[in-house]
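Chains as they are written, first to last, in my numbering: chain A, 15 to 487; chain B, 44 to 149.
Structure first, then comments.
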Amino acid sequence: MSKNQFISELNKELNLLNKEERNEIISFYEDRFQNATFEGKTEQDILNELESPKDIARNVLNEYGINSNAETRKHRIDLLSVFGLIWFDILVSSWLIPVAITVPLALAGSWFSYIGVFTVFKFLNFFPALVALVGMTAGYIIYLFIILIALEIGLKVTQKVVVWHITVFTGDTQRSLKNKIDSFSFVRLFKKLNIPKKIISITIVASLVVIFVTSIAAFYIEDFSFASIGSNNISTYDVETTVTDYEVSDMLELVTEFENMEITYITTSDDKLTLTHVYNYDNGYKVTHNQANNTLTISDSSHSSNWYENIFNWGFNFNAIDTVQKLTIAVPSSIELEKLSLSNVYGNTSVTNFKGEDLIIDTVSSNVELNDSIWNHSSIDVVSGDIYLANSNGESLSIDSISGNVNLENITSPDNSNLSIDLISGDITLSNVYMKNVQVDTISGNIDYFNDDTDYVLNSLEIDKISGSISKS
Amino acid sequence: MSTQLKKGVLELCVLNMLDNQDSYGYDIYQEVNAKMIISESTIYPILRKLVKEDLCTTYLKESTEGPPRKYFRTTELGNKKLEVLKKNWVEFYQTVNSMIGSESNE
């Protein structure tokens with residue numbers, strides 16, 4: 015220890031005294047050193063004579079009636095630092111809070127984009143999609159490492175700030191608490207996983223190499239061009255599937271369940287049930303026949319047996335935007351169906367020449383058109399999209415929609431037939447609709463109802479609406 | 044002699060010493076230390092306290108062997124205080140003696 019070290023240490027130990035008091039005590043010791051040379055002593059001799067700065071401080075502080083015990087001594091709170099700190103806190107929290115909100119969102123966003131890329135690449139062939147999968151995964155691993163480091167830096171800064179607060183508000187005393195705060199670390203948590211360093215280094219290096227290689231590869235793979243996803247380049251394939259294996263009888267129930275499919279029902283003079291699938295992206299469909307109740311179900315087969323296609327189906331389905339899916343069902347005209355149930359989410363539905371017991375059409379956003387058909391019970395359920403029915407005969411008909419127009423023309427029916435229309439907005443036009451009990455329930459939109467045969471008498475007519483005009487003849 | 048006892052009378056001893064002869068910090072310490080062992084660091088706050096209470100003043104005095112030193116000298120107030128402290132001490136001393144029944148003193 016040198017003289018200067020001794021003085022500066024003493025100065026530090028006496029920090030509980032005010033500056034003037036401290037300087038006076040220190041000046042005594044400085045005198046001691048100054049006079050030493052004249053007494054024939056070296057600096058080291060003096061240092062040996064003197065007590066340690068810590069002991070001196072304890073004695074001096076005792077004389078001043080200050081208990082120098084480090085854990086309990088009172089700290090003078092410096093008002094200026096407290097106010098400065100509060101200003102600092104306000105400043106920091108003004109950006110810290112948005113950052114705290116944004117960071118998790120960014121993390122979630124990165125995950126979605128990671129998944130979203132799969133969705134886009136599922137339009138590509140297997141090989142480029144695999145390259146994209148591998149490259150993106152490597153990129154994501156590196157990204158997570160960067161996140162870990164960023165979190166660690168953020169944590170360290172936060173710990174410093176917290177310790178600083180403790181120091182200002184409670185004094186430089188709570189070492190155990192400080193150590194506790196300092197000891198928390200994301201990196202240490204990560205290290206607790208006990209992943210060998212070799213594996214981590216190999217993972218990072220391998221990921222960087224993979225990113226490099228896949229980036230290069232992306233330039234050379236033609237299919238990678240995003241333009242190829244655009245509709246200009248989409249070619250349409252016609253695939254005709256003829257179903258002959260099923261016994262097509264009067265008892266048949268025909269059911270479709272699709273997400274995206276334009277469905278057209280027609281009849282054919284042929285004696286075979288024919289399914290024609292037209293598409294530009296092979297989302298496929300599958301046909302199953304339940305022998306027990308003679309039900310033929312046609313549905314999406316997007317959950318493919320190929321593992322990689324399933325991976326690409328994690329994301330949102332962009333089928334609606336870019337793909338064409340059309341299914342034509344041609345049924346022999348000689349048979350009457352037990353039930354026809356057409357269900358999809360989007361894609362228009364058109365039925366012509368249906369003859370059978372039950373007719374159920376269920377869709378979310380698309381138009382429904384029904385022509386020249388005969389049924390007993392029919393229900394049409396739409397959320398948005400227009401409904402057009404013409405030249406048909408049915409005993410009961412119920413139409414349920416939220417928005418979109420309803421247009422019925424030339425509908426005939428046996429006695430005691432029921433028509434019920436339940437709508438929220440959209441116009442209703444009924445012309446030559448000869449059904450005995452008519453019930454119309456809507457909130458807004460115009461209702462037009464006129465029959466050419468003015469002699470036709472309805473059993474009941476109930477119109478329940480809130481706004482819009484009614485014209486009737 | 045216990046440090047607690049020493050501390051109580053240190054002010055009196057130092058003041059008395061300075062009343063006889065002006066002196067500087069380290070010299071005062073050495074003189075006291077020759078008669079009763081104290082630590083150097085207890086003497087300086089006492090000197091400071093004496094100055095602060097106007098019982099002492101300081102002045103710089105050229106030294107034949109080095110830089111000028113800060114000398115302590117008692118003030119008039121210091122002399123009066125010394126008398127009071129001495130009187131107190133004698134009273135205290137007699138009281139304690141009578142209480143512990145010392146035979147060596149009467």
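Beta carbons are placed, not taken as given, at the ideal position from N, Cα and C, and that holds for glycine.
All figures in this text were calculated on a predicted structure; none of them were measured in a lab.
Exposure of residue i, with buried meaning 16 or more beta-carbon neighbours within 10 Å
i	result
G399 (chain A)	buried
V420 (chain A)	buried
F20 (chain A)	buried
M449 (chain A)	buried
V224 (chain A)	buried
T456 (chain A)	buried
N246 (chain A)	Any reading at N246 (chain A) needs caution, since the residue's pLDDT is 40, under 50, leaving its predicted position unreliable; the model's value is listed next. Counting Cβ neighbours within 10 Å, N246 (chain A) comes out exposed, since fewer than 16 surround it.
N131 (chain B)	exposed
V96 (chain A)	exposed
M15 (chain A)	exposed
H291 (chain A)	buried
I81 (chain B)	buried
P118 (chain A)	exposed
E77 (chain A)	buried
P110 (chain B)	exposed
R202 (chain A)	exposed
A112 (chain A)	Here residue 112 (chain A) is Pro; the residue named in the question, Ala, does not match the sequence. It counts as exposed.
F464 (chain A)	exposed
I100 (chain A)	exposed
G440 (chain A)	buried
L207 (chain A)	exposed
V471 (chain A)	exposed
7 Å Cβ shell around residue i - same chain, five flanking residues per side excluded
i	result
V396 (chain A)	T377, V382, S415 and G418
N59 (chain B)	L125
K49 (chain B)	M79 and I81
D386 (chain A)	T366, N367, N405 and S406
S412 (chain A)	S393 and S434
Extent of the continuous alpha helix (DSSP H) to which residue i belongs
i	result
V94 (chain B)	E83 to K95
S221 (chain A)	K211 to Y234
K33 (chain A)	K33 to A50
I143 (chain B)	E119 to I143
D69 (chain A)	P67 to E77
G68 (chain B)	G68 to K78
N385 (chain A)	That residue, N385 (chain A), is in no alpha helix (DSSP H); its beta strand (DSSP E) goes V382 to N385.
S445 (chain A)	Here S445 (chain A) belongs to no alpha helix (DSSP H); instead the beta strand (DSSP E) covers I442 to V447.
K450 (chain A)	Counting along the chain, K450 (chain A) falls outside any alpha helix (DSSP H), and DSSP gives it neither H nor E.
D59 (chain A)	E57 to E63
Contact set for residue i: own chain, Cβ-Cβ below 6 Å, skip 5 residues either direction
i	result
K17 (chain A)	F47 and E57
E276 (chain A)	K340, G361 and N362
I438 (chain A)	I416 and I457
N331 (chain A)	Caution applies to N331 (chain A), whose pLDDT of 47 falls short of 50 and renders its modelled position unreliable; the model cannot decide the point.
N358 (chain A)	F272, M275 and T377
T342 (chain A)	T278 and T290
A334 (chain A)	Caution applies to A334 (chain A), whose pLDDT of 43 falls short of 50 and renders its modelled position unreliable; the model cannot decide the point.
K479 (chain A)	T456
S364 (chain A)	T278 and E383
E423 (chain A)	A404 and S445
Own chain, CB closer than 8 Å to residue i, minus 5 neighbours either side, in chain order
i	result
Y114 (chain B)	D65, S66, Y67, T101, Y102, L103 and K104
A220 (chain A)	A152
T282 (chain A)	T288, A344, V345, P346 and S347
E371 (chain A)	E350, L351, E352, K353, W389, N390 and H391
A71 (chain A)	L24, E27, L28 and S82
Enclosing beta strand (DSSP E) for residue i [first to last residue]
i	result
Q305 (chain A)	Q305 (chain A) -> no beta strand (DSSP E), and no H or E assigned at all.
D395 (chain A)	I388 to D395
I425 (chain A)	V420 to T426
V292 (chain A)	L287 to Y293
V365 (chain A)	T363 to T366
F464 (chain A)	I461 to F464
I343 (chain A)	Q339 to P346
K353 (chain A)	L351 to S357
S22 (chain A)	Here S22 (chain A) belongs to no beta strand (DSSP E); instead the alpha helix (DSSP H) covers K17 to E27.
E409 (chain A)	I401 to D414
Beta-ladder partner(s) of residue i, from DSSP
i	result
T151 (chain A)	Partner(s): none; T151 (chain A) has no beta bridge.
G123 (chain A)	Paired residue(s): none; G123 (chain A) is not in a bridge.
T107 (chain B)	Beta-bridge pairing links T107 (chain B) to no other residue.
E267 (chain A)	A:T309 and A:K353
E476 (chain A)	A:Q453
Y299 (chain A)	A:D314
L373 (chain A)	A:L354 and A:S392
Touch test, the segment 334-353 of chain A against the segment 265-278 of chain A, Cβ-Cβ under 8 Å, three pairs minimum: Verdict: yes, contact present.
Sufficient close CB pairs (3 or more, under 8 Å) joining the segment 20-34 of chain A to the segment 86-98 of chain B: No, because fewer than three Cβ pairs between the segment 20-34 of chain A and the segment 86-98 of chain B fall closer than 8 Å, the two stretches do not touch.
Touch test, the segment 60-72 of chain A against the segment 67-78 of chain B, Cβ-Cβ under 8 Å, three pairs minimum: Taking 8 Å as the limit for Cβ pairs, the verdict is that the segment 67-78 of chain B does not touch the segment 60-72 of chain A.
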